Amino acid sequence: MAVQTIEVPLNRVEGDLEIRVAVEDGRVVDAWSAGTQFRGFERMLVGRAPLDGLVITPRICGLCSTSHLYVASRALDQLAGVTPPPDAIRVRNIALLVENLQSDMRHAFLLFGADFVNAAYEGQPLYEEARRRYAPLAGSAAVAALRATRKILEIVAILGGQWPHSSFMVPGGVASAVGPIEFLQCRHVLARFRHYYETDVLGCALERIAELKSSADLDAWLDEAPAHRDSELGFYLRFARAAGFERMGKGHGNFVSGGSLDIPEGSAVQAQGGGRQLVPAGFLSSDGAGSVFDQREVAEHIAHSWFTGYEGGMHPSTGVTEPYATGAEGDRYSWAKAPRYAGQPAEVGPLAELLLAGHPLLQALVAEQQGPNVFVRHLARLLRAAAMLPAMETWLAELGKDAGGLVLHGVKMRDGEGIGLGAAARGMLGHWLRVEAGRISRYQVIPPTAWNGSPRDSGNVRGPWEQALCGTPVEDLDNPVAIGHVVRSFDPCLVCTVHALDAGNGKPHGRIRI
Amino acid sequence: MAVTLYWMQAGGCSGDSMSLLNANSPDLLEILQELDVDLLWHSSLSVANRTSQRALLERLQSGEQRLDVLCVEGAVIRGPGGTGMYDTLHGQAKKNLIWALAHKAKHVIAIGTCASHGGISARGDVEGTGLQYHGRKRGGFLGEDFVAGCGLPVVNLPGCPVHPSVVTQALSAVVHGATLDLDAWQAPTAWYGTTVHQGCTRNEYHEYRVEEREFGEKGCMFFHMGCNGPLVRGPCNKLLWNGRSSKTRVGVPCFGCTDPDFPKSFPFFQTRNIEGLPIDLPDGINRAHYLAYKGMAAAAAPERLKGRESNI
């Protein structure tokens, strides 16, 4: 059968993304991921005051503005040569995690889950139940997630004024004039989130989930109680099994994390292996070998991106962002650059971070299933809250006991370089900043979706979800639902629309949203 | 008959949509239901159906599908060189689609500062502009003379992001045919007829000019920390954010995100001043009188404020 190239219509993705796949004998044989919007933030910052990144960079993304603020403030801490007091680190960590967890829930129940009611599943045994839970704007899971996420974001507003787009993290700490009464309010809000998460999402206590160490444990858990089976997690396990999520979206199998969530001095929260950060930094290669993360190994390629000015890869502290819009001609097809770690594509996100943190269940599943896939990638997103809520509760309870306050006074900016790294909801986020003569002379940002959704690099190697798409079954060219599962398992922060083209004559083949 | 609404995301960060998900009483689902809104398209919420967005767009452009409300979030991207190819849909510049839909819609609402005035998207290389303003200059993408089907120009709901209750309340007003008084920037006075300063819990410190000079202090941030609260319009301290607080209450200066000139080109975290006196003063104020008044106010400041005993 001839190869057909189709452009896949994905909605419910933030930003602008178009996916093109080549299909042969009902399987994807090649894929191209194109970011179709250029925004030019990095050049906007040049010439501005060092602290201005705290206001400009959160506005790169309305979904993860607190994450941008978090890494921007870390880059400035480094530039100023200061370490924020322990309580400031707690406040920053809590706010970042709130953003991560609400994003996980919104993605799972408003975006990813809506594919369960795709017409491709009509008539399947779980379809009616899927509709009750996931019908867009109406399903029980969608409505509950909307309410729970709105609620937990109150914590960011209590600590930082508003969500999204506050600028309360500043070099040396947080600008917030908050105290014990505010911290207590946050604890009550977080308690409501735990209640929602345990009741609706898990169907059991966090502690029970922490006991699961293998796929056999997970299967036993599912059958253990009706509450497990009827929870969103239980439904996900049942649906994923029926739809074959374990067999979709393998990809390169490399993972990277730049580390996130410093453990504040004197905290009872312990990181895996006594590390300094709750989310460890590291690189995991597809052969199972782990290595220490070194940000100098990060390089961005532009051979297939609409940029010009250099060949090969360049480190973000020296790279340039010079747009070069050639449209559909030649090799260039995306406004995303192609970041690589030690020359290799790598996926970022909750799965990468929890594997590096030694999450027993996810490690076992990846080992048993010989690499990542849609099932485990999305499961990691559903289970991140279980892994993070205890630390959030501890940090909230510890707030106010340290005498160091929430911000250092007299912090002075100086010329030099600063690097900020952290874990946004979708994975590693990095800011590389240089200040000369008191002004920003360079600012480079690598967001998580640049990693996951990157185009090919200088060596013509596919980006993570391009690779993960290869082998995906396409039963209906007009409704390639599995392609949506694969791309959405990375939690893409982009918008896609679709038309299908017959490769032979270029005429529209048919269109559909998935 | 259901009210048809198309939500177009243009050059922006989706922050207005994300903020809208936080709307409460009514929340987004409730308002759509109560107003009987048929949400034809929203890139993050759309109800899946078998009609593609492209076919829908064709029906909208031909007039076969009625369009009651067009909401545009984000700036209109015109770069590079006026082609609009920095922001495309189906390989075509999205700006052309915005033009076409705006000329079919009964109401056109600019969601957020980027759509209203260009905002942050007008500051970079992408040649972004607002629907009917470019910064303070009327015209923007659609031109000075543009009026939507209802006879009104673009209704601007600025803010970065716009407050979610402003969006739900404005939709309610449009659907119910309530009169919206628009200010000089085509923003409804119902929400933009007050300054961000109004309702700030630091007002007493402002009144007596007890100034904050370091992050985390209790004091007014207008004189040194770059706060725009007294200078710009917006409901931040009237409606509050996420039902809880506001940046200025917590201790983050207002950056003037509803202002046509947002983001300003000078540093955010310091007040432009001459000899310690702010250059930018609230609208309509006589500079000499204001400075005399503030000097006297500072002299009259009670000890409890000078000693930062008053809570915020």
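Those sequence lines, one after another, are chains A and B.
The first sequence begins at 1 in the working numbering and counts up one residue at a time.
The second sequence begins at 515 in the working numbering and counts up one residue at a time.
We put the beta carbon where it would ideally sit given N, CA and C, even for glycine.
Computed from a predicted structure; not experimentally measured.
Measuring CB to CB, does residue i end up less than 8 Å from residue j?
i, j, result
"residue 115 (chain A)", "residue 485 (chain A)", "yes"
"residue 433 (chain A)", "residue 82 (chain A)", "no"
"residue 672 (chain B)", "residue 684 (chain B)", "no"
"residue 345 (chain A)", "residue 445 (chain A)", "no"
"residue 585 (chain B)", "residue 623 (chain B)", "yes"
"residue 668 (chain B)", "residue 582 (chain B)", "no"
"residue 744 (chain B)", "residue 781 (chain B)", "no"
"residue 393 (chain A)", "residue 190 (chain A)", "yes"
"residue 638 (chain B)", "residue 39 (chain A)", "yes"
"residue 534 (chain B)", "residue 555 (chain B)", "no"
"residue 429 (chain A)", "residue 31 (chain A)", "no"
"residue 96 (chain A)", "residue 145 (chain A)", "no"
"residue 8 (chain A)", "residue 471 (chain A)", "no"
"residue 358 (chain A)", "residue 272 (chain A)", "yes"
"residue 177 (chain A)", "residue 681 (chain B)", "no"
"residue 266 (chain A)", "residue 390 (chain A)", "no"
"residue 90 (chain A)", "residue 264 (chain A)", "yes"
"residue 238 (chain A)", "residue 382 (chain A)", "no"
"residue 699 (chain B)", "residue 774 (chain B)", "yes"
"residue 481 (chain A)", "residue 465 (chain A)", "no"
"residue 103 (chain A)", "residue 303 (chain A)", "no"
Since residue i and residue j should fall inside the 8 Å C-beta cutoff, what is the C-beta to C-beta distance between them, to a whole number of angstroms?
i, j, result
"residue 740 (chain B)", "residue 712 (chain B)", "19 Å between Cβ atoms; not a contact."
"residue 129 (chain A)", "residue 235 (chain A)", "7 Å"
"residue 529 (chain B)", "residue 678 (chain B)", "Wrong, their Cβ atoms sit about 11 Å apart, outside the cutoff."
"residue 98 (chain A)", "residue 56 (chain A)", "Not quite, the Cβ-Cβ distance comes to about 22 Å (not below 8 Å), so this is no contact."
"residue 72 (chain A)", "residue 47 (chain A)", "With 8 Å as the limit, residue 72 (chain A) and residue 47 (chain A) do not qualify as a contact, their Cβ atoms being about 17 Å apart."
"residue 385 (chain A)", "residue 63 (chain A)", "Rounded, the Cβ-Cβ distance is 17 Å, inconsistent with contact."
"residue 313 (chain A)", "residue 299 (chain A)", "3 Å"
"residue 603 (chain B)", "residue 615 (chain B)", "About 12 Å separates the two Cβ atoms, so there is no contact after all."
"residue 333 (chain A)", "residue 34 (chain A)", "5 Å"
Return no unless some Cβ of chain B is closer than 8 Å to the Cβ of residue i.
i, result
"residue 33 (chain A)", "no"
"residue 65 (chain A)", "yes"
"residue 51 (chain A)", "yes"
"residue 36 (chain A)", "yes"
"residue 413 (chain A)", "no"
With a cut-off of 8 Å, does the C-beta of residue i fall near any C-beta of chain A?
i, result
"residue 562 (chain B)", "Since pLDDT at residue 562 (chain B) reaches only 49, below the 50 mark, its modelled position is unreliable, and the value read off the structure follows with that caveat. Interface residue, yes."
"residue 675 (chain B)", "yes"
"residue 794 (chain B)", "no"
"residue 527 (chain B)", "yes"
"residue 761 (chain B)", "yes"
"residue 639 (chain B)", "yes"
"residue 758 (chain B)", "yes"
"residue 730 (chain B)", "yes"
"residue 737 (chain B)", "no"
"residue 755 (chain B)", "yes"
"residue 522 (chain B)", "no"
With a CB to CB cut of under 7 Å and the five nearest residues on each side skipped, what residues in its chain are close to residue i?
i, result
"residue 724 (chain B)", "733, 734, 815, 819 and 820"
"residue 557 (chain B)", "523"
"residue 363 (chain A)", "355"
Excluding sequence positions up to five away, which residues of its chain have a Cβ less than 8 Å from the Cβ of residue i?
i, result
"residue 211 (chain A)", "217"
"residue 628 (chain B)", "524, 525, 526, 587, 588, 589, 634, 635, 636, 642, 644 and 674"
"residue 756 (chain B)", "536"
Label residue i either buried or exposed according to how many other C-beta atoms from any shown protein chain fall within 10 Å of its C-beta, with 16 as the threshold for buried.
i, result
"residue 576 (chain B)", "exposed"
"residue 515 (chain B)", "exposed"
"residue 731 (chain B)", "buried"
"residue 232 (chain A)", "buried"
"residue 467 (chain A)", "buried"
"residue 825 (chain B)", "exposed"
"residue 169 (chain A)", "buried"
"residue 188 (chain A)", "exposed"
"residue 609 (chain B)", "buried"
"residue 779 (chain B)", "exposed"
"residue 657 (chain B)", "exposed"
"residue 281 (chain A)", "buried"
"residue 564 (chain B)", "With a pLDDT of 40 at residue 564 (chain B), under the threshold of 50, the modelled position of this residue cannot be trusted; read the value that follows with caution. The residue is exposed, with fewer than 16 neighbouring Cβ atoms inside 10 Å."
Within the same chain, show all residues whose beta-carbon is closer than 6 Å to that of residue i, passing over the 5 residues directly before and after it, in chain order.
i, result
"residue 291 (chain A)", "283"
"residue 240 (chain A)", "375"
"residue 491 (chain A)", "107 and 426"
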